[in-house]
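K.L.:
Per full-length UniProt numbering, the very first residue in the sequence shown carries number 1; after that it's consecutive.
Okay, here's the structure, questions in a sec.
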Amino acid sequence: MTIKKRSLLNLISTNQKNGFGKSHAKIILIGEHSVVYGQPAIALPLSAVKTQVRITANGTNEQTIDCRYFSGSLTNLPPSMKGLQHLIAYILTKVIQPVAGFKITIRSQLPEERGMGSSAATAVATIRALFDFFKLPLSHQQLLHLANIEEVDTHGNPSGLDAATAASSTPIWMIRNKELLPIPIHLNACLLICDSGVKGKTSAAVAEVKERLNLQPVSTTQVLNNLGKLTVLARKQLIQNDAIALGKTFNQAQADLKSLGVSSPRLDSLIAQSLKLGSLGSKLTGGGRGGCFICLMPNRVSAERAAIKLKKAGVTATWIQPLSVEEELG
Numbered sequence: 001m002t003i004k005k006r007s008l009l010n011l012i013s014t015n016q017k018n019g020f021g022k023s024h025a026k027i028i029l030i031g032e033h034s035v036v037y038g039q040p041a042i043a044l045p046l047s048a049v050k051t052q053v054r055i056t057a058n059g060t061n062e063q064t065i066d067c068r069y070f071s072g073s074l075t076n077l078p079p080s081m082k083g084l085q086h087l088i089a090y091i092l093t094k095v096i097q098p099v100a101g102f103k104i105t106i107r108s109q110l111p112e113e114r115g116m117g118s119s120a121a122t123a124v125a126t127i128r129a130l131f132d133f134f135k136l137p138l139s140h141q142q143l144l145h146l147a148n149i150e151e152v153d154t155h156g157n158p159s160g161l162d163a164a165t166a167a168s169s170t171p172i173w174m175i176r177n178k179e180l181l182p183i184p185i186h187l188n189a190c191l192l193i194c195d196s197g198v199k200g201k202t203s204a205a206v207a208e209v210k211e212r213l214n215l216q217p218v219s220t221t222q223v224l225n226n227l228g229k230l231t232v233l234a235r236k237q238l239i240q241n242d243a244i245a246l247g248k249t250f251n252q253a254q255a256d257l258k259s260l261g262v263s264s265p266r267l268d269s270l271i272a273q274s275l276k277l278g279s280l281g282s283k284l285t286g287g288g289r290g291g292c293f294i295c296l297m298p299n300r301v302s303a304e305r306a307a308i309k310l311k312k313a314g315v316t317a318t319w320i321q322p323l324s325v326e327e328e329l330g
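What follows is the structure in structure tokens.
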């Protein structure tokens, strides 16, 4: 990856003191984990759940960061933020090479480790803010390439889906290293997104699937392939407005994800309760082992009623995402 260099004086001129970048949450409808192994996945951007990054020059050589987890020098970030530190250092030393000091302020509405793409959203917004600060052009391809640097550090073997969706304004269909396409969704239903109240463990879940693939290659490959087939089926059901069938597909996908060891007793319990409350189909979303789960509800009213009862059962937060053609996604 190369970017045309500009003189340092141009990069840090006095009238270029601020940078801004934003991104948003994502929800994987179907295809998590199997997407890492060449199967398709479908994800939705949630533009109402935002991450915003502002960068301001501070008149010194010091580079600082302020967010809900840390405030201080960029060089002293905690281990949980090493991926972001690596990303920023890469951009500064390999791409832009500035000596100017600045403060990075990150404000995010995304809960951490809930399968909503918090780390990818932060990476995408930070990249956009840095390039805006230095007034450099940024292509979509460059954006995804840079975001992957952070995601590799944070998740080990990311599919790229989180970053792609955090940078997208439309639902996407993805096959790793092959296809990344916007797709139409015409479904008269609502998605109820529920926070289980337990942090997800994406890295551990990814490692679990990898270990199972090594120890039980035949059966694990069969499950991953079936998840791919379910994703293809879900795409057709989304386009054909077949919410009943899509709900069944969600339930089948959850059974496969559970067999891979990426669900949890708490998720299983809450998902079972959601089905009793009228969900057409429910499944975990994202890395699993905690985090969020999604419920396909017939309409907004049923989603709102289920949300109230699920909160009484221990769900800590909910979001309702319309999927119908009458209401705009995001």
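Ideal Cβ placement from N, Cα and C applies to all residues, glycine included.
(1) According to DSSP, Ile104 sits in a beta bridge with which residue or residues?
(2) Would you list the residues sitting across from Lys50 in a DSSP beta bridge?
(3) On the DSSP letters alone, give me the boundaries of the alpha helix (DSSP H) that Glu211 sits inside.
(4) Kindly list the residues whose CB is nearer than 7 Å to the CB of Ala125, restricted to its own chain and excluding five residues on each side of it in sequence; keep chain order.
(5) Per DSSP, which one or two residues make a beta bridge with Gly72?
(6) Is the beta carbon of Gly281 sitting closer than 8 Å to the one on Leu270?
(7) Report, in whole angstroms, the separation of the C-beta atoms of Glu304 and Ile320, which I expect to be a contact under 8 Å.
(8) To the nearest angstrom, how far is it from the Cα of Ile12 to the Cα of Ala147?
(9) I'd like to check one pair, Gly290 with Lys201: are the Cβ atoms closer than 8 Å?
(10) Since Pro320 is in the beta strand (DSSP E), which residue starts that stretch and which ends it?
(11) Using C-beta distances below 6 Å, list every residue in its chain close to Glu62, excluding the 5 sequence neighbours before and after it, in chain order.
(12) With a cut-off of 8 Å on the beta carbons, I'd call Pro111 and Ser118 a contact; round off their distance for me.
(13) Across the segment 221 to 231 and the segment 304 to 314, are there enough close Cβ pairs to call them in contact, namely three or more that are closer than 8 Å?
(14) Which residue's Cα is closest to the Cα of Ala306: Gln273, Leu87, Leu180 and Thr285?
P.N.:
So, from the listed chains and residues:
(1) Beta-bridge pairing links Ile104 to Ile55 and Ile65.
(2) Beta-bridge pairing links Lys50 to His24.
(3) Taken as a continuous stretch (DSSP letters only), the alpha helix (DSSP H) holding Glu211 covers Thr202 to Leu215.
(4) For Ala125, where only same-chain residues beyond five positions count, the Cβ hits under 7 Å are Gly21, Lys22, Ser23, Thr51, Gln52 and Val53.
(5) Gly72 is bridged by DSSP to Ile65.
(6) Against a cut-off of 8 Å, the Cβ pair of Leu270 and Gly281 comes out as no contact.
(7) Indeed they touch by this definition, with Cβ atoms about 7 Å apart.
(8) In this predicted model, Ile12 has a pLDDT of only 45, less than 50, meaning its place in the structure is not dependable enough to derive any value.
(9) For Lys201 and Gly290, yes; Cβs fall inside 8 Å.
(10) At residue 320 the sequence reads Ile, which differs from the Pro that was named. That run of the beta strand (DSSP E) goes Ala317 to Pro322.
(11) In chain order, Gly101 place their CB closer than 6 Å to the CB of Glu62, counting only its own chain and leaving out the 5 sequence neighbours on each side.
(12) The Cβ separation is near 7 Å, so the contact holds.
(13) Judged by Cβ distances under 8 Å, the segment 221 to 231 makes no contact with the segment 304 to 314, as fewer than three pairs qualify.
(14) Minimum Cα distance to Ala306 is reached at Gln273.
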